[in-house]
Amino acid sequence: MIPFELAEPKSLTEAIKLLAPDDAMVRPIAGGTALMLMMKAGVFHPTRLVSLGKIEKKYSGIAAGKDGLRIGAMTTLSALEQSLDMKKLAPVITRTLRTLSNVRVRNVATVGGALAHADPHMDLPPVLIALGASMSIAGPSGERELAVEDLFTGYYETVLQKNELIAEVRVPSQDGTRAAYMKVTTGSADDWPALGVAVALQSDGNAVKSARVVVSAATSKAMRLPGAEAALAGQRIDDKILARAGEAAANEADFIADVRGSVSYKRELLRVYIGRAVRAALESGAH
Amino acid sequence: MATITDQGTAKVGAQVGRSVPRLEGRDKVTGRAEYTHTMRLSGMLHVKLFRSTVAHGRIKSVDTSAAKKLPGVAHVVTIEDVRKVIPDPYYGPAFHDQPILADGKVRFVGEPVAAVLAADPHVAEQAAQLIVAEYEELPAVYDEVEALTSKVHVHDVLKPAGTFADLKHLKDAKGTNLALDYRLRRGDVDKAFASAAHVFEHEFRTQKVLHLSFEPHATIADYKDSGVTLHTASQGPSFVRTEIARLLGWPENKVRIKVPYLGSGYGSKLYIKLEALALALSMIARLPVKVALTMEEMFYQITKHPSTFRIKSGVDKDGKIIARKCEVYWNGGAYADIGPRVTQKSGLTASGPYDIDNVWIDSYALYTNMTPAGALRGFGVPQLVWAYESHTDMIARALKIDAVEFRRKNLLREGRPHPTGTVLKDAAIEKVLDRLVERINWKQPMDRGTGVVRRGRGLGIAIKAVISPTTSVAIVNVSADGSVALYCGTIDMGQGSDTAMAQMVGEVLNMPAESVRVVQRDTDVTPYDMGTLGSRSLFHMGHAVRRAAEDAQEKLKALACEVGEPEGSNIPIPALFVKKYGMQAGNVIGTGIYKPDYVPPAPGTGLSSNVTPFWMISGAGAEVEVDTETGHIKIAKLISVLDIGKSINPKIVETQISGAALMQLGFTMFEKMHLDGGQVTNASLADYKIPGFHDVPTAMENLTVDVTQSNGPFGAKGVGEVSTFCVSPAIANAIDDAVGVRLMELPLNPESVLRALRVKAGKPLGDE
Ligand SMILES: Cc1cc2nc3c(=O)[nH]c(=O)nc-3n(C[C@H](O)[C@H](O)[C@H](O)COP(=O)(O)OP(=O)(O)OC[C@H]3O[C@@H](n4cnc5c(N)ncnc54)[C@H](O)[C@@H]3O)c2cc1C
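If you're matching them up, the sequences are chains B and S in order. Numbered according to the working numbering, the first sequence spans residues 1 to 287. Numbered according to the working numbering, the second sequence spans residues 288 to 1055.
As structure tokens, this is what we get:
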């Protein structure tokens, strides 16, 4: 490893100042679980890492309010997993975190890192998109609000400027939402998924009023599937409706082939798992 | 180092057959056990390798100037530098075909081309990235079947090592990729096929996978003109010593090989691996030099053989197999390593545990432009069993005979000649099958599943001959206080051999196994052993250890007699030494050597009246659930039944059975090195997955049948690899039973299953 500078600012504002708008070799580091692997593999050689470990405490806490939850970007995945507020608001997140990597990673990995890393195989982004979560993004000229679904532009790519930081994630209240996330692996049970499907439904029993459907892992980024959402909205769920939604999803998603499966296979998986995810959401009970 | 624990409470007598806890377990779990990978010597330099990015090419230039200029770099070495210290820098167990660094040509992606030495490994790594090589790319060959007739030749001239008599005819052969062709000819297959009521022919393939030992390869060489010491993670220090002495032109007594505990091996650390390179670099640097691979680099060191097996059987009207023809192609990669041995030693059982009068086997070791292949927990037998037990099931299915009945009709029974001509003895094939049938409830109907989930079951049985002939030597040293140390070259790499060997010593000398110290492997101290491989050690070294202990016992008796003790005296050992030497002084040294009788296979026919000192027999049964919409397979039950003779340590036996079965489960279900133009595209643990706890079958049974190996030490024989043999076909047979599709290639991953289901349904998946 080539020597580099490690900065440990005491505030978010100071951290932003230490970042460089045009230098890809200067980066924020949170838990480091993703970044250290890239450094070990020799694909990233930093000149400076700006650690977020010592910024204000409020960025590593979870606050419940009337309009939902505010999660500081430095909150660890373990803290989120163990949060009773989170479990109450959206148990789908709690369940998702249990099979997200292992306890050693969750103890240090952060919510901000889990979003900014933008690896399409990750579990949290599709679920947060399905739940309509947004972020507060801090930069040199202040903060802006961004929906999680607008964060990703491609494989490991986001709209974040090099001197912008995710400060906070907001999950709105989920009254009456029924949600599920399906992580489909084709290698070992703990492999990265070949496909992720997250759905969040507003429904009355079997009758779906509206649906948010998100695909990940099989595509270059986590994204909503409007065709599948439309096929479900206003429908009473049966095998025919699910087949139609699966078909719409299979047609609209842009699959990529890799060691976990071909495009044709991933398309079949999505076709099937749309239905399974919707059924699982309906069975999960309202939030 | 074996620690002495619980000595006070340990039982005296009846050491064999007791589940003695692993002697080294405490040191390992408290982080005190020593491994080469974490070892440092003072003044030691670290090495990083610059590797080829092309699969086959002539090296036009290697520019090391920028790397040499980097502050902190001690040396940048290419083959020209190596040649100055080792004029003929080629090594290998079967062929001297592997250059210490690429020599004029590169033959696989990942082949080491240059080495950077620095006190700081990070500096070495950075410098290695500054090296630039230019190649004239040559056409490459990857497929083992194509390799047999390809115009592309991986080596211009073949260079058999001379160690093995049956390779001598290949000396100086040109224009071929064939590194060995083993043949077995028994009866007249053509005539038998002509008279058969049914003839079946199938082709099966296996993929490229690797060992992934927990501790990657590592060697430290410390060269001085007076002698060289290597600390190395090796399964065979005696062979390393021979090969290093040969490279140096030195007598073996100037070469010392030390092996601490191994973080597993599975065959990946056999014969010679990084040792020759480390030696050359230490000669150049005149300092201790450490070469230690990362997990990722292991994808470029050694793998299992991919294979293609064409198998043809003729069956008479009563369901008796009367002829079997086997053509096996082994994809050996760019350097032969021990591939020719795999080809021959597993090749001879390619027709399976069946009594067939007419057998024809051709087994080909082939060079290709990929990472070399060697032995992996089963020495090729899992690849063969995958094919012949799938094939056997397909025949039974086609003939509408129950799969167990069909096997029973054709089983090779005790006292009958195996196709090699060696008469079967102590091979409990039928008992294994009986137990399997009982444990999997074969005779009861099973729940076939509902909806999208379908259930099925399948089984397989197998036979293996042990690699022969091989030699082991052991020393038992009784000190004047009565304590005992065992010197044996078997490497404890996690399989628990130190514990088992100590139990045998304890059994003979009537003392707790826990009190026997097993001395760390060091060729200056521990005597010769052929290698810890092929489930041979418990049998061969076990005999040597038993004999050494018995020899010590005899010598103690003689000593008692000499000092005037009456016949049958119970004098404590310390008192005996005092009586002889007047104080606590002296030693009694017992020695034991074992080499089994053996008749080499006749050239041309492969026949031998004594091809193996013992047979390994195993069976596996699986119950699966198939998700017919996605192709996902859940293993509801995996049963292994083995004939391993008597268990020396039942707990260790059980964990060897479950461990080997789970390892093969990974090779069966999903493990695969994906290759693109010779480049491994998933060379990391992020993208190459091995089984984890969630992949363990819902129910697993790890069983042995109650038998004795009459010529084994204390009735025992080897176990380490035996439960790998049948896992793959048992699962494929179960899938066929569940959903009526037959997979002919490993792994049996969900996509392959779904594709087969869709073909069957007339709606094949696209090729995108
Ligand atoms: C063994 C292992 C298994 C894993 N398995 C899974 C799994 O099953 N499912 C899954 O979803 N994930 C998995 N992961 C990935 C894991 O979730 C991510 O590594 C983790 O979420 C990244 O968080 P971090 O805080 O460690 O980020 P870091 O590694 O510190 O940073 C990651 C990236 O985010 C940037 N960054 C960090 N924080 C911010 C911020 N606040 N604002 C802007 N940019 C920021 C960094 O600059 C860097 O580019 C696994 C990781 C490992 C090591």
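For every residue, glycine included, the Cβ atom is placed at its ideal position computed from N, Cα and C.
Between the C-alpha atoms of S:M657 and S:A466 there is a straight-line separation of about 15 Å. Chain B places no beta carbon closer than 8 Å to that of S:P399, leaving this residue out of the contacts.
Proximity annotation: ligand 1 has residues B:R27, B:P28, B:I29, B:A30, B:G31, B:G32, B:T33, B:A34, B:L35, B:A73, B:L100, B:S101, B:V105, B:A109, B:T110, B:G112, B:G113, B:A114, B:A116, B:H117, B:M122, B:D123, B:L165 and B:I166 in chain order, each selected because its CB is closer than 5 Å to a heavy atom of the ligand.
S:P547 and S:E321 do touch by the CB rule: their CB atoms are close to 4 Å apart, below 8 Å. At a cut-off of 8 Å, the C-beta of B:S220 has no neighbouring C-beta in chain S. Excluding residues up to 5 positions away in sequence, Y469 lie with their Cβ nearer than 6 Å to the Cβ of S:Q631 in the same chain. For the region 971–993 of chain S, the set of positions with a beta-carbon nearer than 7 Å to some beta-carbon of chain B reads D974, K976, I977, P978, G979, H981 and D982 in chain order. If only complete runs of 4 or more residues are kept, the region 325–378 of chain S shows the alpha helix (DSSP H) at 352–356 and 366–372, in order along the chain.
Between the region 251–270 of chain B and the region 209–229 of chain B, the count of Cβ pairs shorter than 8 Å is three or higher; the stretches touch. Within 8 Å of the CB of S:N969, the CB atoms of chain B belong to V259, in sequence order along the chain.
Counting only runs of at least 4 residues, the region 712–738 of chain S fully encloses the following alpha helix (DSSP H) elements, listed from N- to C-terminal order: 716–726. With contacts defined by Cβ atoms closer than 8 Å, B:L131 and B:V171 form a contacting pair.
Taking 8 Å as the Cβ-Cβ cut-off, the region 1027–1046 of chain S approaches chain B at N1036, P1037, E1038, L1041 and R1042, given in chain order.
Under the Cβ distance rule, B:V272 counts among the residues neighbouring chain S, one pair being separated by less than 8 Å.
A straight-line Cα-Cα distance of about 15 Å links S:R804 and S:V875. Under the 8 Å criterion on CB atoms, B:I2 is classed as interfacial with respect to chain S. Here the C-alpha atom of S:F826 lies approximately 24 Å from the C-alpha atom of S:L671.
Listed by position along chain B, the residues whose Cβ is nearer than 8 Å to that of S:H961 are V259.
For the pair B:Y265 and B:M182, the CB atoms are not nearer than the 8 Å cut-off.
Counting only the Cα atoms, B:I62 lies some 6 Å from B:R70. For chain S, the residues of the region 172–201 of chain B that bring a beta carbon within less than 7 Å of one of its beta carbons are T186, G187, S188, A189, D190 and D191, in chain order. By the Cβ-count criterion, S:G1027 is exposed, with fewer than 16 other Cβ atoms from all chains shown falling within 10 Å of its own Cβ.
Taking 7 Å as the Cβ-Cβ cut-off, the region 887–919 of chain S approaches chain B at E916 and T917, given in chain order. By the Cβ neighbour-count rule, B:L84 is exposed, with fewer than 16 other Cβ atoms within 10 Å of its own. Between S:A835 and S:G879, the C-beta spacing is below 8 Å. Cα atoms of B:I16 and B:K87: separation of roughly 32 Å, rounded to the nearest angstrom. Along the region 407–427 of chain S, the positions whose C-beta sits under 8 Å from a C-beta of chain B are H409, E412, Q413 and Q416, read in chain order. For S:A405, the closest C-alpha among the options S:G821, S:D430 and S:A361 is that of S:A361. Listed in chain order, the positions of the region 947–958 of chain S with a beta carbon within less than 9 Å of a beta carbon of chain B are G953, M956, F957 and E958.
By the C-beta density criterion, B:F4 is exposed, having fewer than 16 other C-beta atoms within 10 angstroms. If you draw a straight line from the Cα of S:V303 to the Cα of S:D785, it comes to about 13 Å.
A distance below 8 Å separates the beta carbons of S:L1030 and S:I1022.
Comparing C-alpha distances from S:D649 to each of S:A353, S:V476 and S:E423 shows the shortest one belongs to S:V476. With fewer than 16 neighbouring CB atoms inside 10 Å of its own CB, B:A41 falls in the exposed class.
Of all C-beta pairs linking the region 543–563 of chain S to the region 812–824 of chain S, three or more are shorter than 8 Å, placing the two stretches in contact. Look at S:S784 here: in three-state DSSP terms it is helix.
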